[in-house]
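Quick note on numbering that gives the first Met the number 0: the sequence shown kicks off at 0 and runs consecutively. Positions of the beta carbon are idealized from the N, C-alpha and C atoms, including for glycine. Just so you know, these numbers come straight off a predicted model, no measurement behind them.
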Amino acid sequence: MIVLRHDKELLLLKRNKEPNAGRYVPIGGKIDPYERPVDAAIRETYEEAGLRIDKRQLHYAGVLAETSPTHYNWLCFIYVVDIARIPPPPCDEGSLEWISFDEIPHIPTPPTDWQIYQYLMRRQPFALDAVYDENLNLLEMREEISGQLVKINE
Numbered sequence: 000m001i002v003l004r005h006d007k008e009l010l011l012l013k014r015n016k017e018p019n020a021g022r023y024v025p026i027g028g029k030i031d032p033y034e035r036p037v038d039a040a041i042r043e044t045y046e047e048a049g050l051r052i053d054k055r056q057l058h059y060a061g062v063l064a065e066t067s068p069t070h071y072n073w074l075c076f077i078y079v080v081d082i083a084r085i086p087p088p089p090c091d092e093g094s095l096e097w098i099s100f101d102e103i104p105h106i107p108t109p110p111t112d113w114q115i116y117q118y119l120m121r122r123q124p125f126a127l128d129a130v131y132d133e134n135l136n137l138l139e140m141r142e143e144i145s146g147q148l149v150k151i152n153e
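Structural data, given as structure tokens:
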């Protein structure tokens, strides 16, 4: 997952497919065989936003592990890159939109994302462990570096 940031705005994708259809999410996708997470972030940025970025522009921000008793089990490497404010390019996955940081709590996002954006804006590394029930309701999220439970904002 890669967060495209310009000052206090994020270029987010309003997804038109599952998972998270109708919600605003960062650009991202699955890692291809023999692909490193950083290379996947660069590839996905080009595929979904048409932007070519260099590894030197990327900053590793943290990791999110999501587990459930169902098929929903993910490990997300999260990167951030600061970019110029460009017109949102077309995207096959949905629509890209610039969203101000202050607006994010008021738009539909996955329950883990608001906390991730707060860490990013503070430039604070994180390792989040999110646990869901069989209906994919977020039960608990813990920040593993500090050992603290994270408040869930739904």
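Looking from the CA of Q56, the closest CA among P68, D38, T108 belongs to D38. The C-beta of R4 has 16 or more other C-beta atoms within 10 Å across all chains shown, which makes the residue buried.
Leaving aside the five residues that flank T108 on each side, the residues in its chain whose CB is nearer than 6 Å to its CB run, in chain order, R22, Y23. A check of alpha carbon separations from I115 across N136, I151, P88, E96 identifies I151 as the nearest.
The beta carbon of G28 sits closer than 6 Å to those of E43, all from its chain and outside the five residues before and after it, given in chain order. Taking 8 Å as the cut-off, the beta carbon of L12 is found no closer than this to the beta carbon of E65. E8 sits close to R84, with the two beta carbons spaced by under 8 Å.
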